[in-house]
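Below: one structure, written as structure tokens.
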Amino acid sequence: MKIIIQCQESHAVEVTGDETVAFLKSYLHTTEGIVPEDQRLYAEGGKPLNDGDLLSACLTDGALVNAVVPLVGALVELLEMQFFESKLGTFHLAKEDEDPVVQIEGGFSQHD
């Protein structure tokens, strides 16, 4: 079966289905240089794929897999957070069941 992996580039990978998700991560390590530990793979619809999952059990022929990798490092994330705090006020992340709230210039506004 054919799997399409979307990362920095798109890759069409032929597999038997007996491989695991770890195989796809190894493939991305070889082709794009991203270590498997830094990769998060998701099936269509946003379903996370686990390293031990058999491809035949979680994907079908022609399936699209999205690979998500972290930014260059935690320092970049920290600098981005500091920039947004200085420009917008304080940004608070919310849990899945809560609405995110952003404090802007002493006032609050909710975002959907």
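For the sequence shown, UniProt numbering assigns the number 112 to the last residue and increments by one with no breaks.
Even for Gly, the Cβ is constructed at its ideal location relative to N, Cα and C.
Your pair leucine 41 and alanine 67 checks out as a contact, with CB atoms roughly 6 Å apart and the cut at 8 Å.
Contact annotation: isoleucine 3 and valine 65 have beta-carbon atoms nearer than 9 Å. In the three-state reduction of the DSSP assignment, proline 48 falls in the strand class, which pools E and B. Taken through DSSP and simplified to helix, strand or coil, leucine 28 comes out as helix. At the C-beta level, leucine 54 and glycine 17 come within 9 Å of one another.
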